[in-house]
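Engineer: The letter at position 122 of the sequence shown is residue 122 when you use this note's numbering, and the numbering goes up by one with no holes. Every residue gets a Cβ at the ideal spot worked out from N, C-alpha and C, and that includes glycine. This one's a predicted model, so the numbers in the text were calculated from it and none came from an experiment. Here you go, one structure.
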Amino acid sequence: MRTQVAIIGAGPAGLLLGQLLSRAGIDNVILERRSADYVLSRIRAGVLEQGMVDLLHEAGVGGRLDHEGLVHDGFSLAFNDALHRLDLKKLSGGKTVTVYGQTEVTRDLIEARQALGRPTVYEAENVALHHFDGPAPRVTFRTNGQEKELHCDFIAGCDGYHGIARASVPARSLQTFERVYPFGWLGLLVDKPPAAHELVYANHERGFALCSMRSAGRSRYYVQVPLGEKVEDWSDDAFFDELRRRLPAEVAGAVQTGPSLEKSIAPLRSFVAEPMRFGRLFLAGDAAHIVPPTGAKGLNLAASDIRYLFDAFREHYRDGSNAGLDGYSARALARVWKAERFSWWMTNLLHRFPERDGFDRRIQEAEFDYLVHSRAAATAVAENYVGLPY
Ligand code: RFL
Ligand code: PHB
Numbered sequence: 001m002r003t004q005v006a007i008i009g010a011g012p013a014g015l016l017l018g019q020l021l022s023r024a025g026i027d028n029v030i031l032e033r034r035s036a037d038y039v040l041s042r043i044r045a046g047v048l049e050q051g052m053v054d055l056l057h058e059a060g061v062g063g064r065l066d067h068e069g070l071v072h073d074g075f076s077l078a079f080n081d082a083l084h085r086l087d088l089k090k091l092s093g094g095k096t097v098t099v100y101g102q103t104e105v106t107r108d109l110i111e112a113r114q115a116l117g118r119p120t121v122y123e124a125e126n127v128a129l130h131h132f133d134g135p136a137p138r139v140t141f142r143t144n145g146q147e148k149e150l151h152c153d154f155i156a157g158c159d160g161y162h163g164i165a166r167a168s169v170p171a172r173s174l175q176t177f178e179r180v181y182p183f184g185w186l187g188l189l190v191d192k193p194p195a196a197h198e199l200v201y202a203n204h205e206r207g208f209a210l211c212s213m214r215s216a217g218r219s220r221y222y223v224q225v226p227l228g229e230k231v232e233d234w235s236d237d238a239f240f241d242e243l244r245r246r247l248p249a250e251v252a253g254a255v256q257t258g259p260s261l262e263k264s265i266a267p268l269r270s271f272v273a274e275p276m277r278f279g280r281l282f283l284a285g286d287a288a289h290i291v292p293p294t295g296a297k298g299l300n301l302a303a304s305d306i307r308y309l310f311d312a313f314r315e316h317y318r319d320g321s322n323a324g325l326d327g328y329s330a331r332a333l334a335r336v337w338k339a340e341r342f343s344w345w346m347t348n349l350l351h352r353f354p355e356r357d358g359f360d361r362r363i364q365e366a367e368f369d370y371l372v373h374s375r376a377a378a379t380a381v382a383e384n385y386v387g388l389p390y
């Protein structure tokens with residue numbers, strides 16, 4: 001088998017790159033370890049920046065998003081019983097975010113790829129990358145009990161944090177930066193209308209809580225839990241009781257409970273691997289970096305990486321220039337680090353840290369008070385939340 005770009009991973013990063021390349025006439029094959037159903041069952045992000053919405057349109061998958069996505073002009077921050085709305089649109093000069101589930105983005109991309117008849121190998125086992133430091137890379141894998149070999153010009157490592165692409169790079173060529181937070185998020189999905197029509201991020205003495213949504217009839221809630229907590233130990237009732245305790249009374253009173261459609265715990269981590277290119281291997285999305293979900297940036301960063309990487313491949317194949325490929329890592333990392341900073345800052349503002357004391361709590365309160373009263377401070381948050389320019 002031979003292709004121009006071998007893409008490892010059929011998450012949002014890999015699927016979006018594949019779709020953009022296919023529409024530009026650049027041949028590509030996607031290799032995915034899991035089944036399509038498994039990929040579609042992962043409940044993750046929900047908030048899209050305008051830059052990502054625009055890119056999905058460019059990829060030809062903006063139709064259902066336009067129809068079903070919820071455009072949000074703002075969100076609220078709660079500190080104990082105080083609730084403060086940030087008017088994103090006013091503060092950012094007219095920008096907004098769109099609430100549309102990652103599962104829906106993935107579904108749209110999978111269907112678009114099927115319609116174009118482009119190949120995706122699901123349940124590909126033992127994917128291994130070879131010779132990407134030279135002119136003729138190849139990828140080997142196993143499918144339906146047969147060993148296969150894919151020759152290509154380039155490899156795009158879009159296989160997430162636990163993938164094989166970053167792990168294939170010799171450790172001496174890689175520099176990594178990491179923060180592990182001493183807590184996780186317990187998330188619950190329920191078919192009930194959301195407690196508020198915009199997102200509410202709450203800092204409470206008992207810990208962080210978030211009210212989010214997927215649609216007018218489906219809510220997504222999160223509470224901060226200590227590391228080591230087990231999802232089996234949380235009944236739906238216990239979850240909703242804890243959620244309501246952490247929200248201002250007016251929001252808590254509006255939470256509608258019901259049986260969970262999904263409940264899971266995600267640990268929080270900040271991580272960056274540098275550089276994002278090794279010879280003919282390019283990393284994109286969670287394969288290269290992780291942010292804690294507090295700033296809603298992970299999926300959006302995957303999209304901005306793909307914007308840069310797609311532009312670089314197009315320049316290579318259409319114009320015969322390698323400038324974009326040579327500049328990809330530096331360009332992507334400049335935006336990645338700003339999102340890392342913002343996500344780390346939001347995480348610090350909103351969570352209870354077990355080892356911290358009254359001083360840190362007062363600093364959080366002062367920061368909140370500053371945001372409430374300073375347009376400059378609120379503007380900085382809004383500018384980052386809606387997404388820095390590509
Ligand atoms: P993914 O989605 O992890 O996809 C990688 C794919 O690669 C496959 N794979 C392999 N395939 C072949 N061979 C191998 N050896 C392979 N190893 C792995 C995997 O099966 C998978 O299909 O990475 P990608 O595409 O880079 O996308 C990144 C996003 O998924 C992630 O950043 C976001 O979900 C993060 N995130 C959020 N981001 C936002 O922008 N806004 C949000 O509101 C938001 N909320 C969240 C989140 C992540 C969460 N969790 C669970 C981590 C909320 C949560 C709870
Ligand atoms: C979500 O809806 O899953 C969500 C929203 C905002 C975040 C994180 C997750 O910051």
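1. Buried or exposed for Met52, please, with buried defined as at least 16 other CB atoms from any protein chain shown within 10 angstroms of its CB.
2. Beta-carbon separation of Arg269 and Val169 under 8 Å?
3. Could you give the uninterrupted runs of the alpha helix (DSSP H) lying entirely in the segment 26-67, keeping only those of 4 residues or more?
4. What's the C-alpha gap between Glu367 and Glu242?
5. Give every residue whose Cβ lies closer than 5 Å to any heavy atom of the ligand PHB, listed in chain order.
6. Please list, in chain order, all residues of the same chain as Gly62 whose beta carbon is under 8 Å from its beta carbon, the five residues on each side excluded.
7. Just how far apart, CA to CA, sit Thr140 and Arg356?
8. Can you tell me the Cα-Cα spacing of Leu109 and Glu125, whole angstroms?
9. So for Leu325, helix, strand or coil by DSSP?
10. For Met1 and Glu149, which I take to be in contact (beta-carbon distance under 8 Å), what is that distance rounded to the nearest angstrom?
11. Chain D beta carbons: is any one of them nearer than 8 Å to that of Leu247?
12. Are there three or more Cβ pairs, one per stretch, closer than 8 Å when the segment 251-265 is compared with the segment 336-353?
13. Starting from the N-terminal side, write out each stretch of the beta strand (DSSP E) that is 3 residues or longer and does not extend beyond the segment 204-279.
14. If you drop the 5 nearest sequence neighbours on each side, which residues of the same chain put their C-beta closer than 7 Å to that of Asn322?
15. Less than 8 Å between the C-beta atoms of Ala378 and Leu91, yes or no?
16. To the nearest angstrom, how far is it from the Cα of Trp345 to the Cα of Ser260?
17. Is His289 buried or exposed, if buried means 16 or more other CB atoms sit within 10 Å of its CB?
18. Report the rounded CA-to-CA distance for His84 versus Leu77, giving the unit in angstroms.
19. What is the C-beta distance between Ile306 and Ala13, in whole angstroms, given that I count them as a contact (C-beta under 8 Å)?
20. Can you grab the Cα-Cα spacing for the pair Gly298 / Glu111, in whole Å?
21. Please classify Arg179: does DSSP put it in a helix, a strand, or coil?
22. Indicate whether Gly101 and Gly46 have their beta-carbon atoms separated by less than 8 Å.
23. Where does Arg85 sit, in a helix, a strand or coil, going by DSSP?
24. Is Gln50 a contact residue of the ligand RFL, with contact defined as CB to any heavy atom under 7 Å?
25. According to DSSP, is Ile164 part of a helix, a strand, or is it coil?
26. Name the DSSP beta bridge partners of Lys148, please?
27. Could you pull the DSSP bridge partners for Phe282 from this structure?
28. Pull up the distance between the alpha-carbon of Glu49 and that of Val291, whole angstroms please.
29. With Ala382 and Leu86 assumed to form a contact (beta carbons below 8 Å), what rounded beta-carbon distance in angstroms separates them?
30. Could you tell me the alpha carbon to alpha carbon distance between Gly27 and Tyr38, rounded to whole angstroms?
31. DSSP has His289 in a bridge; who is on the other side?
32. Under the DSSP definition of a beta bridge, which residues are partnered with Tyr201?
33. Given this structure, state the Cα-to-Cα distance separating Val272 from Thr176, to the nearest angstrom.
Structural biologist: The structure says:
1. buried
2. no
3. 36-41 and 50-58
4. 25 Å
5. Gly46, Val47, Ser212, Arg220, Pro293 and Ala296
6. Val53 and Leu56
7. 48 Å
8. 22 Å
9. helix
10. 7 Å
11. The chain inventory of the structure shown lacks chain D, comprising one protein chain alone.
12. no
13. 209-215, 218-226 and 260-274
14. His316
15. yes
16. 30 Å
17. buried
18. 5 Å
19. 6 Å
20. 23 Å
21. strand
22. yes
23. strand
24. no
25. coil
26. Phe141
27. Ala156 and Arg277
28. 15 Å
29. 6 Å
30. Correcting the residue identity first, residue 27 is Asp in this sequence and not Gly. Distance between the alpha carbons of Asp27 and Tyr38: 25 Å.
31. Val272
32. Leu77 and Leu210
33. 6 Å
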